[in-house]
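In the working numbering, the protein residues as written are 1038 to 1624.
Here is the structure we will look at, set down as structure tokens.
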């Protein structure tokens, strides 16, 4: 469902107050109103490296996220700006600007690590912003990536191998973009021009060896390669002379370095064109309310001293959404039954057929809006509610039929009993005259349509309550012999027994119909659940295949690098042997 966004500027999403993270309710209110899929782009990096400038450009503005103008970190916590996505209709672009890492005023690297981890968890594209080239210092400053396995859990109860294998995070980690500001080197290797992406790949190559120095060198590179198989790199020249940088947001476009302007345009085009909507495991697309739930779950976990857990966050989100899915399904059922059901129905089957068709639609609504309903807890709740609704409609239907029939009976039969009360049938032959009139009125009653399921029962109860009138007329009718009276009494008993048997058969029929309805309802739930589980299995298989492919891709890259190094080493040995003078033969 489309949702208009009226957010003129950024809003603090997660405040960082004295090292404690607090979620801003006003920002959550904004997210809760966004029903579209969200493309979440988060940027992190050292303080005063120009992160906010790039985020403003992604928002299509010159001002917005605070740039600051001193060596102090200007952004505290995580700030959010939601804007309509300029290239993806019916999507919302959520920009997250984070406080600068490594701010000496904070004196607490743990706080930086949580900000880094939250940016990874919440985003679909993760931008790491740094100054200069990718050297060992830059890698050392990116030590936060090596801590991710100690800051995030994929499952609430991981097996002993899962934490060690960081590639398991691949399925839910964002794409990685490294932006290099004030880049001054020529992009070339071995005398050949290379792209920024190739420069990044070269910078992430591992060294051979098991000594501590080599392990320290390889660790951040290995983590980046495993965590973020989708990687991109952009370089930026200095935007303007240093003295103008403190007024960067006031500078006109023509005052900026043309190459820098072009580089920023390329960066924005890539991010806006290639960044995907945020998804969760199972291919679940995240919208505003889902992102709101993730923010709350992760921050609450951190503040409670626990590790943010992907599985727990998804299950917490699932509980909220599945409860809402039950409510949506019941609302749909109530609306459709309210529109289509006219009480009383002619037969019970008419009501059950309408219930069954509407129940099917309600289950479809639930399946569309629910996910990860473990053990079908919420589907069972829906089934119980629908069954209760059906039973209630059956009671309403019986009452509506009974009330209508009783009013009709009173209107048709009351004059007859008034005549009997006045003595109009207390004469010879009066009993048969009364019975004849009674049968005429019964026919009149049965000819009235849509009396409902209580047609016979209501009439039977009414006539049973008036049995004394016919009995009195029978006994006082002087025209009838004693034998005729006995025969008439037997006939009345036979009719009563036949009516009772008919009512028993009708009750058995209704009971069978209700049992058949319960079975049909169960089969419909199973059918739709099976269809959904097949789709989820297919999605899970696709996710696993993607993770496996990324693992194999990374392993293949490592093997190629190892082979290349061995090949180069072998070539060097051959060259060394060729330069070595041949041995002299002594005869």
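Positions of the beta carbon are idealized from the N, C-alpha and C atoms, including for glycine.
These numbers come from a predicted model, not from an experiment.
- Pairing residue 1308 with residue 1164, the inter-Cα distance amounts to about 10 Å.
- In this structure, the CA atom of residue 1270 is about 37 Å from the CA atom of residue 1611.
- Secondary structure of residue 1361 (DSSP, three-state): helix.
- A residue is called buried when at least 16 other Cβ atoms come within 10 angstroms of its Cβ; residue 1340 does not meet this threshold and is exposed.
- The region 1553 to 1573 makes contact with the region 1414 to 1431, as at least three CB pairs between them are under 8 Å.
- Contact check for residue 1508 and residue 1467: beta-carbon distance about 13 Å, past the 8 Å limit, so the pair fails to qualify.
- Less than 9 Å divides the Cβ of residue 1170 from the Cβ of residue 1217.
- Check the Cα spacing between residue 1257 and each of 1173, 1234 and 1275: the tightest is with 1173.
- Sequence-distant Cβ neighbours of residue 1231 in its own chain, meaning closer than 8 Å and more than five residues away, are 1224, 1225 and 1239.
- Nearest in C-alpha terms to residue 1183, of all of 1263, 1099, 1397 and 1299, is 1263.
- Assigned with DSSP and collapsed to three states, residue 1250 falls in helix.
- The alpha helix (DSSP H) runs lying completely inside the region 1382 to 1409 and spanning 4 residues or more are 1385 to 1406, given in chain order.
- Taken atom to atom, the span from the alpha-carbon of residue 1330 to that of residue 1275 is near 39 Å.
- Counting C-beta atoms within 10 angstroms of its own C-beta, residue 1526 has fewer than 16 neighbours from the protein chains shown and is therefore classed as exposed.
- Pairing residue 1548 with residue 1489 gives a Cβ-Cβ distance that is not under 9 Å.
- Cβ-Cβ separation between residue 1091 and residue 1304: approximately 7 Å, consistent with a contact (criterion under 8 Å).
- Residue burial annotation: residue 1122 is buried, with at least 16 other C-beta atoms found within 10 angstroms of its C-beta.
- For residue 1099, there is no enclosing beta strand (DSSP E), as DSSP marks it with neither H nor E.
- About 15 Å separates the beta carbon of residue 1148 from that of residue 1082, a gap too long to meet the 8 Å contact definition.
- Distances from the alpha-carbon of residue 1070 to those of 1094, 1535 and 1328 put 1328 closest.
- Between the alpha carbons of residue 1426 and residue 1368 lies a gap of roughly 11 Å.
- For residue 1323, the number of other beta carbons within 10 angstroms of its own is at least 16, and it is reported as buried.
- A Cβ-Cβ contact shorter than 9 Å links residue 1075 with residue 1315.
- Taking a cut-off of 8 Å for Cβ pairs, the region 1380 to 1393 and the region 1347 to 1367 do not touch, as fewer than three such pairs fall below it.
- When DSSP reads this structure, residue 1268 sits in a beta bridge with 1213.
- Between the region 1471 to 1483 and the region 1527 to 1538 there are fewer than three C-beta pairs closer than 8 Å, too few to call the two in contact.
- Taking all protein chains shown into account, residue 1161 has 16 or more neighbouring C-beta atoms within 10 Å of its C-beta and is therefore buried.
- Secondary-structure assignment with DSSP links residue 1049 through a beta bridge to 1116.
- Residue 1158 is not a Cβ neighbour of residue 1115, given a cutoff of 9 Å.
- Nearest C-alpha to residue 1454 among 1394, 1504, 1579 and 1375: 1504.
- About 7 Å separates the beta carbons of residue 1209 and residue 1317, which is inside the 8 Å limit, making them a contact pair.
- If you compare the alpha carbons of 1310, 1261, 1133 and 1472 with that of residue 1103, the shortest gap goes to 1133.
- Nearest neighbour of residue 1220 by Cα position, chosen from 1072, 1296, 1345 and 1449, turns out to be 1296.
- Per DSSP, the continuous beta strand (DSSP E) segment holding residue 1057 begins and ends at 1057 to 1060.
- Straight-line measurement puts the Cα of residue 1393 at about 35 Å from the Cα of residue 1447.
- Setting aside the 5 residues that flank it on each side, residue 1125 is surrounded in the same chain by 1076, each with a C-beta closer than 7 Å to its C-beta; the list follows chain order.
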